[in-house]
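Participant: In this note's numbering, the protein residues as written are 13 to 223.
Every residue, glycine too, gets a C-beta built ideally from N, C-alpha and C.
All values reported here derive from a predicted model rather than from experimental measurement.
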Amino acid sequence: MLNRTACVEAADSRECHEVKVPDKRGKVIVISGPSGVGKGTLCAEILKRVDDTCLSISATTRERGASEMEGKDYYFLTRETFEARRAGGLFLEWAEVFGNYYGTPKDKLNEMLTTGKSVLLEIDVQGGKQAKAAYPDAIMIFILPPDEHALYTRIQGRGRDSEDSVQVRLSEARAETSVAWDHYEHRVVNDDLEQAVHAIVRIIRAASAAC
Ligand code: 5GP
Numbered sequence: 013m014l015n016r017t018a019c020v021e022a023a024d025s026r027e028c029h030e031v032k033v034p035d036k037r038g039k040v041i042v043i044s045g046p047s048g049v050g051k052g053t054l055c056a057e058i059l060k061r062v063d064d065t066c067l068s069i070s071a072t073t074r075e076r077g078a079s080e081m082e083g084k085d086y087y088f089l090t091r092e093t094f095e096a097r098r099a100g101g102l103f104l105e106w107a108e109v110f111g112n113y114y115g116t117p118k119d120k121l122n123e124m125l126t127t128g129k130s131v132l133l134e135i136d137v138q139g140g141k142q143a144k145a146a147y148p149d150a151i152m153i154f155i156l157p158p159d160e161h162a163l164y165t166r167i168q169g170r171g172r173d174s175e176d177s178v179q180v181r182l183s184e185a186r187a188e189t190s191v192a193w194d195h196y197e198h199r200v201v202n203d204d205l206e207q208a209v210h211a212i213v214r215i216i217r218a219a220s221a222a223c
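Pasting the structure below:
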């Protein structure tokens with residue numbers, strides 16, 4: 013650890029003060045994949061197994077689910093608030109997904125990276141491309157289902173979507189997967205959870221050791 017002056021971007025101000033700064037900045041790790049592919053479960057396992065890794069909490073305008081908590085699952089914002097923050101440049105990336113806005117708050121991400129932590133961004137492909145443009149050394153991992161039927165069963169099994177909405181998510185999954193081929197250097201099939209977690213942990217360790 014070095015004693016250095018670090019500038020921390022807060023939501024509404026920029027403060028500079030003396031803090032302990034690690035020799036190495038953390039890495040941005042982008043995890044994308046179709047809705048229902050199991051990204052949330054995989055991210056939870058990665059957080060347990062890879063030291064100094066934390067999760068970026070996104071902002072969204074979608075409605076909060078019954079089991080979801082403000083500030084833990086998402087920051088739930090009105091469209092007006094989201095648009096104002098977007099206009100203020102407060103998001104690293106943002107996208108409209110299934111009719112709702114989603115975005116990664118810049119201030120929290122910068123804070124975590126500055127303290128040497130790597131940060132998992134569980135975001136869609138549009139956001140992944142923006143994150144890679146801002147952080148060219150970001151580790152880009154795309155999660156694939158074993159096959160489309162497995163994805164259908166998982167989305168339907170969550171009980172959150174009507175049949176129409178399941179079909180929309182499936183067609184979105186096809187589109188995302190074809191675009192992802194160009195932008196994600198790592199692809200992991202989530203058939204067996206343990207194997208998928210192992211593969212992702214190996215990718216993160218190798219990419220972190222390489223720099
Ligand atoms: P859900 O509403 O099911 O939680 O998320 C819907 C989609 O939005 C998922 O594909 C998820 O990865 C994506 N998403 C969640 N947070 C963000 C974000 O901050 N930025 C972007 N671009 N996509 C996000």
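Can you tell me whether residue 201 is helix, strand or coil according to DSSP?
Facilitator: If you number the sequence shown from 1, residue 201 lands on position 189. DSSP places residue 201 in strand when its eight states are reduced to three.
Participant: Would you mind listing the beta strand (DSSP E) stretches within the segment 26-110 that are 3+ residues and don't spill past its ends, in chain order?
Facilitator: Listed in chain order, the complete beta strand (DSSP E) runs (minimum 3 residues) inside the segment 26-110 are 26-33, 40-44, 65-67 and 103-109.
Participant: Return the CA-CA distance between residue 16 and residue 214, expressed in angstroms with no decimal places.
Facilitator: Numbered from its first residue, the sequence shown carries residue 16 at position 4. Numbered from its first residue, the sequence shown carries residue 214 at position 202. Confidence in residue 16 is poor, its pLDDT being 45 and thus under 50, which makes the residue's placement too unreliable to answer from.
Participant: If you check the beta carbons only, do residue 202 and residue 155 fall under 8 Å apart?
Facilitator: For this step, residue 202 is matched to residue 190 along the sequence shown. For this step, residue 155 is matched to residue 143 along the sequence shown. Yes. Within cutoff.
Participant: Would you list the residues sitting across from residue 134 in a DSSP beta bridge?
Facilitator: Counting from one through the sequence shown, the residue named residue 134 turns up at place 122. BP columns for residue 134 point to 43.
Participant: Looking only at its chain, what residues have a beta carbon closer than 8 Å to the beta carbon of residue 69, apart from the 5 residues adjacent to it on each side?
Facilitator: Sequence index remark: in the sequence shown, residue 69 carries index 57 (1-based). Cβ within range, chain order: 83, 84, 85, 86, 87, 117 and 120.
Participant: Could you tell me which residues DSSP pairs with residue 115 in its beta bridges?
Facilitator: Locating residue 115 in the sequence shown gives position 103, where the first residue counts as 1. 71 and 106.
Participant: Below 8 Å, can you find three or more Cβ-Cβ pairs linking the segment 131-146 to the segment 94-102?
Facilitator: Segments in contact, no.
Participant: Do you know whose CA, among 167, 73 and 177, lies nearest residue 92's CA?
Facilitator: As a working mapping, residue 92 is identified with position 80 in the sequence shown. Taking only the C-alpha atoms, the option nearest residue 92 is 73.
Participant: Using 8 Å for Cβ pairs, my map puts residue 49 next to residue 137. What's the rounded Cβ distance?
Facilitator: Along the sequence shown, one-based indexing puts residue 49 at 37. Along the sequence shown, one-based indexing puts residue 137 at 125. With a Cβ gap of about 12 Å, residue 49 and residue 137 do not count as contacting.
Participant: Can you give the beta carbon distance from residue 151 to residue 39, rounded, assuming they're within the 8 Å contact cut?
Facilitator: On the sequence shown, position 139 is the one that residue 151 refers to. On the sequence shown, position 27 is the one that residue 39 refers to. That belief holds up - the Cβ atoms of residue 151 and residue 39 are roughly 6 Å apart, short of 8 Å.
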